[in-house]
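S.K.: Got a structure here, written out as structure tokens. Questions coming.
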Amino acid sequence: MIEQSKEVLKNTFGYDNFRPLQQEVINQVLQKNDALVIMPTGGGKSICYQIPALLFDGLTIVVSPLISLMKDQVEQLRQLDVNAVHLNSSLSPEAYGYNVRQVKKGKAKLLYVAPETLMMDRTQEMLSKIKVDCFTIDEAHCISEWGHDFRPEYRQLAEVKNQFPDAACLALTATATPRVREDIKKTLELSDTEEFIASFDRDNLFLKVADKEDPLNQVLDFLYTRKNQSGIIYCLSRRQVDELAFELEQEGYSVKPYHAGLSSRQRAINQREFIRDDVSIIVATIAFGMGINKPNVRFVMHYDMPQNIESYYQQIGRAGRDGLRSDCVLLFSYSDTQKVKYFISKKEGNEQKVAEKHLDALLKFLETRECRRIPLMSYFGEKYPNEECGMCDNCLSVDDNVEDFTIQAKKMLACVKEAGESWGKTHIINVLRGSKAQKVLENEHEKLESHGSGKEWAKGQWDQLIRMLIRQDYLSKGEHGVLQIEQKAEGILKGNENIFGTLDRTSTTMTTEEESRVGSEVEANYDEGLFEELRKKRKEIADEKGIPPYTIFPDTTLLEMAYYYPKEKEHLIALYGVGKVKLKKYGALFIGVIKNYTREHSIKENKGSIEEKVKEHAEIETYIQVGKAFNDGQSIEHLSEEHGVKDVTILKHLKDYLQDGHELRIEGITEASSLSLRQQDEVTKIYDEKGPKMLKVAYDRLNKKIGYDQLRIMQLYYMASQEK
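For what it's worth, our numbering labels the leading residue of the sequence shown as 56, then goes sequentially.
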């Protein structure tokens, strides 16, 4: 069954590897054992029951209070040729009847159902005549009165569970404190051995709390660098939602409001336009977002303070579900605290006491000067293992003091000039950072003196400097975003003038999760023009089918297409998120876009890279062979030669082997390191302090004197030593 589940993961869903805990939970369910699963939003909860559903003979029931989520999940599964249906009050009599017939005939593999629909006599009678293999309860925290979203009808699900004694019961939630977890287990009669708790840490989310001083301009400044990105801005009142949405629309942003004062029809229209990328930004009260499974939400902003820390965690969880970096910014003012206290005062008895405790926990998070992940994860009963995460405002210790950027400005202006003032910011930044991207090589810009002169700065820092130079009239943007030097810049180029300013260093960090999902090289050097063409094609197909664009391919897949330029189906299926079903449905359409684009722009296939990607894809299980051979005495260098891959690929295989529960030969790892014992000790101390995932932090702390290859070897050594 384990091998079958891996085949379904790749062939149906298009993923090469399970995320943490998914495989363990799936194995538990396939053995018809019950389980309580606590997994953060975006952690892949749905896979835990969808894969078993495709392997079981009978029906999998999924109970959810969120009609929008049901529709979304069913639509995504249908795109994968999986027969899934839902039953709830939103359906027409004809659609409801059709779905019931699909269940009765045994054609439906998954049935999504609202709790009130499940409790109806006719539903109970129908299900009593059907083989049910899995009974799944989504948003299981609704069972507990200690949770932030208690629903009395959820308490009755324990009785329904007992009607399916031969079915596995799977309870899932993203937000559950230890007390809530105990309440769920007690109600559903689950034991401690049936509890699976993933980390609450979403390490691709950047967390920031800013003093609320001039909120409208703070929002506009934030959005200035995020044109066309999808995001949600939360406000406490309907009036504030309408006012902010109006102001943003006046500034030219694609935005819609969402609150209970709008008609249900208008709310549905606004939500649908956001999901389908017709609208970039939703300004909403807390009513928005439950059940939204839009993976490319790049930011969540709180214009006002949320009512409790669980709501905050759930709301920021709507960002970055595709694993790419996303920003979560909260504007905090103590006057907002009084508004929340007013709402709490309207509650009674125990409900009021619980709400007050939740507010205290939120204030602790907002006021902390330590890493923000420490109080956030502590609230959910998890100890954050590091002192710093490198992905919050406190850890980066943003310094607003004015700095001298003359040297960097001179490098930037010299690069623009040397490249003929004919290129946009992305290309110029790539040249400065020494990229070997296709456009750089085709135009022989790797031969420019400026090439690689700006490696000391991240892409985001150069991006901010360009905006600073434009604001101060040293640079201007011409047609198609081409950067052009203004007369004023001559003083800097000749060394007669200095330039001062501030950079927000919180926008320049890339996480380990993000690197692993699409690769730092891909993210830094993808072809933006091709990416936009692929997005247009995806939107065109989605509009024709009446479905959200991300159900076709997520942004992570399009990024890889725009980097590798795959022109054959065997190349395309090696990319993230491409399985056999989607390859058959959409492969030719996207390959057509890539071929047209590369022909028009005289671009060759990124051949070496795509062939290596195909080789990695074809050898998904290679990590087991590599791990065994390594423990038998073969070196990392020998294994890379034998398999025809780079050392970094062998290190990844060994890391996978280690994380699969095996031990590794420590001396074999240290043999691969070229660092002195003193340098090894320095790296180990940083990993002790920061944790082994934060390679970028270690690289910076060591003044960029130790390269990433050696840091990865020491990362493997550190992790293997911890397992001993």
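Quick reminder that beta carbons are idealized off the backbone N, C-alpha and C, glycines included.
(1) Using only CA atoms, which one of A597, Q516, D459 lies nearest to I547?
(2) Considering only DSSP beta bridges, list what G699 is partnered with.
(3) Whole angstroms is fine: what's the gap from R767's alpha carbon to V703's?
(4) Alpha carbon to alpha carbon, how far is G113 from R156? Give it in angstroms, no decimals.
(5) Straight-line CA distance for K186 to M125?
(6) Applying the criterion that 16 or more other CB atoms from any shown protein chain within 10 Å of the CB defines a buried residue, is D276 buried or exposed?
(7) Please state the DSSP three-state secondary structure of D454.
(8) Compute the Euclidean distance between the alpha carbons of E306 and Y358, then round it to the nearest angstrom.
(9) So, at 8 Å on beta carbons, what are the nonlocal neighbours of M174 in its own chain, with the 5 sequence-adjacent residues on each side left out?
(10) According to DSSP, K532 sits in a beta bridge with which residue or residues?
(11) Would L109 and V158 be called neighbours here (beta carbons separated by less than 8 Å)?
(12) Could you give the C-beta distance for I336 and L303, rounded to a whole number, given that I count them as a contact under 8 Å?
(13) Report yes or no: do the region 79-92 and the region 121-138 share at least 3 C-beta pairs separated by less than 8 Å?
(14) L271: which of E696, F301, C224, N351 sits nearest, CA to CA?
(15) How big is the Cα-Cα spacing for K759 and Q326?
(16) Does the distance from the C-beta atom of P780 to that of E194 stay below 8 Å?
(17) Thinking C-beta only, is R424 closer than 8 Å to N441?
(18) Where does E570 fall in DSSP's three states?
(19) Please determine, among D332, K87, D518, the residue with the shortest C-alpha to C-alpha distance to P220.
(20) Could you check whether the region 401-420 touches the region 363-373, counting it as contact only if at least three pairs of C-beta atoms, one from each stretch, sit closer than 8 Å?
(21) Is S254 helix, strand or coil by DSSP?
(22) Along the chain, where does the alpha helix (DSSP H) that runs through L749 open and close?
(23) Which residues in the same chain as K311 place their Cβ atom closer than 8 Å to its Cβ, once the five residues preceding and following it in sequence are excluded?
(24) Please state whether DSSP places A727 in a helix, a strand or coil.
(25) Tell whether a beta-carbon distance below 8 Å holds between V235 and G286.
(26) Locate the alpha helix (DSSP H) running through G642, then write down its first and last residues.
(27) For my contact list, L225 and T191 are in at a C-beta cut-off of 8 Å; report their separation, rounded to the angstrom.
(28) Go ahead and pull the three-state DSSP assignment for A374.
(29) Using only the alpha-carbon positions, how far apart do E501 and Y631 sit?
(30) Based on the DSSP output, what are the partners of A223 in its beta bridges?
(31) Within the 8 Å Cβ cut-off, does F68 reach chain B?
(32) How far does the beta strand (DSSP E) with H357 in it reach, from first residue to last?
(33) Thinking C-alpha only, which one of K591, I521, P148 is nearest E541?
(34) For H717 and R353, I'd like the C-alpha separation in whole angstroms.
(35) Tell me which same chain residues have a C-beta within less than 7 Å of the C-beta of R756, skipping the five on either side of it?
(36) Using a Cβ-Cβ cutoff of less than 6 Å, which residues in the same chain neighbour T242 once the five nearest sequence positions on both sides are dropped?
M.R.: Concretely, from the data shown:
(1) In the sequence shown, counting from the first residue as 1, residue 547 sits at position 492. Of the candidates A597, Q516, D459, the one whose C-alpha sits nearest the C-alpha of I547 is D459.
(2) For the purposes of this step, residue 699 is taken as the residue at position 644 of the sequence shown. Bridge partners of G699: none, in fact.
(3) Taking the sequence shown and counting its residues from 1, the one referred to as residue 767 is at position 712. Taking the sequence shown and counting its residues from 1, the one referred to as residue 703 is at position 648. Looking at the two C-alpha atoms, the distance is approximately 8 Å.
(4) Translated into positions along the sequence shown, residue 156 becomes position 101. Translated into positions along the sequence shown, residue 113 becomes position 58. Cα to Cα, the separation comes out at about 15 Å.
(5) Within the sequence shown, the letter at position 131 stands for residue 186. Within the sequence shown, the letter at position 70 stands for residue 125. One alpha carbon belongs to K186, the other to M125, and they sit about 22 Å apart.
(6) Reading the sequence shown from its first residue, position 221 is the one you call residue 276. It counts as exposed.
(7) Your numbering for residue 454 matches position 399 in the sequence shown. Its pLDDT being 47, under 50, D454 is placed unreliably by the model, and nothing is read from it.
(8) By one-based count along the sequence shown, residue 306 stands at place 251. By one-based count along the sequence shown, residue 358 stands at place 303. Each residue's Cα considered, the two are about 17 Å apart.
(9) What you label residue 174 is simply residue 119 of the sequence shown in a count that begins at 1. Scanning its chain for C-beta atoms nearer than 8 Å, with the 5 sequence neighbours on each side dropped, one finds around M174 the residues E208, Q211, V215, in chain order.
(10) Looking up residue 532 in the sequence shown gives position 477. Partner(s): L538.
(11) Translated into positions along the sequence shown, residue 109 becomes position 54. Translated into positions along the sequence shown, residue 158 becomes position 103. Between L109 and V158, the gap from beta carbon to beta carbon reaches 8 Å or more.
(12) Your numbering for residue 336 matches position 281 in the sequence shown. Your numbering for residue 303 matches position 248 in the sequence shown. Indeed, because the Cβ distance is near 7 Å, the residues count as touching under 8 Å.
(13) With a cut-off of 8 Å, the region 121-138 and the region 79-92 do not count as touching, because too few Cβ pairs lie within range.
(14) What you label residue 271 is simply residue 216 of the sequence shown in a count that begins at 1. Considering only E696, F301, C224, N351, the residue with the shortest C-alpha distance to L271 is F301.
(15) Counting from 1 along the sequence shown, the entry for residue 759 is found at position 704. Counting from 1 along the sequence shown, the entry for residue 326 is found at position 271. Cα-Cα distance, rounded: 46 Å.
(16) In the structure as shown, the chain begins at 56 and stops at 779. Residue 780 is therefore absent and cannot be evaluated.
(17) Sequence index remark: in the sequence shown, residue 441 carries index 386 (1-based). Sequence index remark: in the sequence shown, residue 424 carries index 369 (1-based). Their beta carbons are not under 8 Å apart, which means N441 does not touch R424 by this criterion.
(18) Reading the sequence shown from its first residue, position 515 is the one you call residue 570. Any reading at E570 needs caution, since the residue's pLDDT is 40, under 50, leaving its predicted position unreliable; the model's value is listed next. DSSP places E570 in the helix class (H, G or I) of the three-state scheme.
(19) Here residue 220 corresponds to residue number 165 of the sequence shown, with the count starting at 1. Minimum Cα distance to P220 is reached at K87.
(20) With a cut-off of 8 Å, the region 363-373 and the region 401-420 count as touching, because enough Cβ pairs lie within range.
(21) As a first step, residue 254 is located in the sequence shown; it is residue number 199 there, counting from the start. Taken through DSSP and simplified to helix, strand or coil, S254 comes out as coil.
(22) Reading the sequence shown from its first residue, position 694 is the one you call residue 749. Correcting the residue type first, residue 749 is Met in the shown sequence and not Leu. No alpha helix (DSSP H) holds M749; DSSP gives it neither H nor E.
(23) Counting from one through the sequence shown, the residue named residue 311 turns up at place 256. Around K311: A300, N325, E328, F329, V334, I336, I337, V338.
(24) Residue 727 sits at position 672 when you count from the first residue of the sequence shown. Helix.
(25) The residue you call residue 235 lines up with position 180 of the sequence shown. The residue you call residue 286 lines up with position 231 of the sequence shown. Not a contact, by the Cβ cut-off of 8 Å.
(26) Translated into the one-based positions of the sequence shown, residue 642 becomes position 587. Annotation: the continuous alpha helix (DSSP H) that includes G642 extends over 635-655.
(27) Taking the sequence shown and counting its residues from 1, one reaches residue 225 at position 170. Taking the sequence shown and counting its residues from 1, one reaches residue 191 at position 136. 5 Å between Cβ atoms; contact.
(28) Numbered from 1 along the sequence shown, position 319 holds the residue referred to as residue 374. In the structure shown, the three-state DSSP call for A374 is coil.
(29) As a position in the sequence shown, residue 501 is number 446, starting the count at 1. As a position in the sequence shown, residue 631 is number 576, starting the count at 1. In this structure, the straight-line span from the alpha carbon of E501 to that of Y631 is close to 29 Å.
(30) Here the question's residue 223 lines up with position 168 in the sequence shown. According to DSSP, which records beta bridges pairwise, A223 is partnered with C189.
(31) This model lacks chain B altogether; it includes just one protein chain.
(32) Your numbering for residue 357 matches position 302 in the sequence shown. Segment 352-357, the beta strand (DSSP E) holding H357.
(33) The sequence position of residue 541 within the sequence shown is 486, counting from 1. For the set K591, I521, P148, the Cα lying nearest the Cα of E541 is the one of I521.
(34) Taking the first residue of the sequence shown as position 1, residue 717 is located at position 662. Taking the first residue of the sequence shown as position 1, residue 353 is located at position 298. Taking the straight line from one Cα to the other gives about 36 Å.
(35) Residue 756 sits at position 701 when you count from the first residue of the sequence shown. Hits under 7 Å: I741.
(36) Along the sequence shown, read from residue 1 onward, the residue named residue 242 stands at position 187. Here the set comprises I198, A213.
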